[in-house]
Structure formats: C-alpha cells, structure tokens
C-alpha cells in the first residue's frame, strides 16, 4: 500500500474519532437514588391511530411532505370546527345525534403525527408489519363481555355488563396507561427508590409499579394488572399480568391471559421512548407491539381533576332508557 494512502487513511480515522468525541451525549437526569428520572407531566397526543389504515398495508411511516400536508389539513379542520356556531341556525333534524355542539371548543383535533426516530409513523402498532391488531377469528368476542352476550345476556341488562369506561371507574381497561386518547392525553409520573406511579388525566387512574419483588398470585386480579418493574441499564422494564377480566376494553380486548411488557427510556431531556408488547393467546393470534414518544408538557402546564366517578348520572339514565324501551316493546305486541 502506498505511503500517501496510509497517511490519508490515518488522517480519516483520526478525524472520525475526534468527531465522535465531540458529539454531545445525553446527560441522564437522575433521582437521588441514581435511577433515570422520568418525573414530570407528559403527553402522547397525536393524530396517529393505534391501528394503521388498511389501505396503507405495510407502509410504516409518511414522508416529510406527506406529514406536512396531513398536519396542515388537520389544522384547517380544527379551525373550521372551532368556529362559533351561528346563533340563528335552525333546529337539528329529528333523530339526529347531537355531539359536541358547544362550538366544539373543548374537543380539539389532534394535529401532529406521532414521530419516533425522526419518522412520522402511520400507526402506533409497529408489529405485526401491517400495523393491525392480530385478532384470532372471532377473537373480539372472546373476552368476558363477549362470552356473557353469547350466553344470552343483554347489552343493557345491568351495570356489570357495561364496560369500565362507561361506568366511569376505570378508563383504559387493561391498557398500559400511555394509550393516545383523543383528548386529555396527559400523564404525571412520580417515582422513588421502590415505586414508579403513573397518573392518567383521563379519569384520574393512578397505576403503581413496584420495582423488584414477586408478582401477586394469579388468583388476585387488579384492574390495571399487577406490575413489577426492573432496571435494564437506563431503561425501565415493566411486566404486568393478573388483569381483571372485566378490564377488557373496546380499543384492545383482553382475557384473563392478557400480559404486557413495557419499556420506558429517556431519549432526550423532554422525550421518553415508550414501547410495549401485548400477549393474549385467547384474543390474538400473535403478540403485537406498540411504540410512541412521550413529550414533556411545557413548564406551568399541570394536570387537573377529571371529575368522573362510578354512579354518575349517565349510567342510571342509560339503563332506565333501556327498561322504557322494553316496556314500550311489550305494549306494542
């Protein structure tokens, strides 16, 4: 090999090493116990759906141009939706469903797309490759509510057959708490040496994760599952099982075999990479994995009480309406 070639190679290696040394490294904020500090208020709000639209097939992310167009169109829709309604508008048609008619001011359209590794994701599900929930044949009917209905129960027979979200005592069912809700997609994380607590703004559920220790017996169910965490370097790994069968939810169905493995990892001072894998052989033909970025809320933005509680007015009204319909049907015979 020629001397000038060797000299050039040596200079190139030296330059690469110097550049690598000059790159800034993430200084992990740490608690007084030396663990990565996830504490604060976070959000995962985005317009990216859990499941990828079928027509996108295996397309995992949008281009910069596609993402810019989608966000611009969403911003336009939000502006139009939030425009005050005319005081002189006519009455709605009979039988029309009335939704957020208070000028739509409190149901903002999500504008941004979920961005992970500088990619604009087409779905939060990253595996299977098609970004879809891998339900078994008839899998959506195999949770406890589906079995009750198959056994002859009616959808409005009583409060127990309504899902926990509608009953307003546990929203999100068995889901890890970082599902991207259409609104109130905010979370507060607090931690010490032995616990990490995640409080969700949506119906104020607080999920307690023990660091280390043994899981509870399989016979002991909890609405949010029994979560045990451990540290893998600077990543928090959480394994959850023993979910209450009635925690099955319309977004992600579950049986008593539902299990979740989560991974939390700081990727910047204001960003957490959050990834979880769900396994439930009763409902799904294979495990599936979700990935997203949690962004820190701006300073001064805090979580307020979400005052929804079990026994609220809506459920008695729903059941009373069902009884009236049954009476009317009997009288019409």
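In our numbering, the protein residues as written are 31 to 363.
Built from N, CA and C at the ideal position, the CB exists for glycine as well.
#1: At 3 residues or longer, and completely inside the region 289-321: list those beta strand (DSSP E) runs for me, N to C.
#2: What residue from 217, 138, 92 and 308 has the CA that sits closest to residue 286's CA?
#3: If you follow the alpha helix (DSSP H) that residue 262 is part of, which residue opens it and which one closes it?
#4: Between which two residues does the beta strand (DSSP E) containing residue 266 stretch?
#5: Kindly list the residues whose CB is nearer than 7 Å to the CB of residue 160, restricted to its own chain and excluding five residues on each side of it in sequence; keep chain order.
#6: Taking the alpha carbon of residue 262 as the point to measure from, which residue in 272, 275 and 293 has its own alpha carbon closest?
#7: Only counting the same chain, and skipping five residues up and downstream in sequence, which positions put a Cβ closer than 7 Å to that of residue 119?
#8: How long is the line joining the alpha carbons of residue 328 and residue 187, rounded to whole angstroms?
#9: Mind checking residue 197: buried by the 16 CB within 10 Å criterion, or exposed?
#10: Contact defined as beta carbons within less than 8 Å: I believe residue 73 pairs with residue 254. What is the distance between those atoms, to the nearest angstrom?
#11: With a 10 Å radius around its C-beta and 16 neighbouring C-beta atoms as the bar for buried, classify residue 323 as buried or exposed.
#12: Going by alpha carbons, who is nearest to residue 252 out of 246, 232 and 273?
#13: Sort out for me which residues DSSP pairs residue 146 with in a bridge.
#14: Out of 99, 102 and 313, state which residue places its alpha-carbon closest to the alpha-carbon of residue 281.
#15: Throw me the rounded Cβ distance for the residue 232 and residue 336 pair, which I believe falls under 8 Å.
#16: Based on the DSSP secondary-structure assignment, which residues constitute the bridge partners of residue 156?
By the coordinates alone:
#1: For the region 289-321, whole beta strand (DSSP E) runs of length 3 or above, ordered along the chain, are 289-298 and 301-309.
#2: Looking at the Cα atoms, 308 is the closest of the given residues.
#3: No alpha helix (DSSP H) holds residue 262; the beta strand (DSSP E) holding it covers 256-262.
#4: Per DSSP, the unbroken beta strand (DSSP E) holding residue 266 starts and ends at 265-271.
#5: Counting only Cβ-Cβ distances below 7 Å, and skipping sequence neighbours, we find 82, 87 and 88.
#6: Out of 272, 275 and 293, 293 has the C-alpha closest to the C-alpha of residue 262.
#7: Counting only Cβ-Cβ distances below 7 Å, and skipping sequence neighbours, we find nothing.
#8: Distance between the alpha carbons of residue 328 and residue 187: 45 Å.
#9: Buried.
#10: With a Cβ gap of about 20 Å, residue 73 and residue 254 do not count as contacting.
#11: Note on residue 323: 16 or more other CB atoms within 10 angstroms of its CB, so buried under the neighbour-count rule.
#12: When only C-alpha atoms are compared, the closest one is 273.
#13: Residue 146 is bridged to 149.
#14: The residue with the shortest Cα to Cα distance from residue 281 is 313.
#15: About 6 Å separates the two Cβ atoms, so the contact holds.
#16: Per DSSP, residue 156 has no beta-bridge partner at all.
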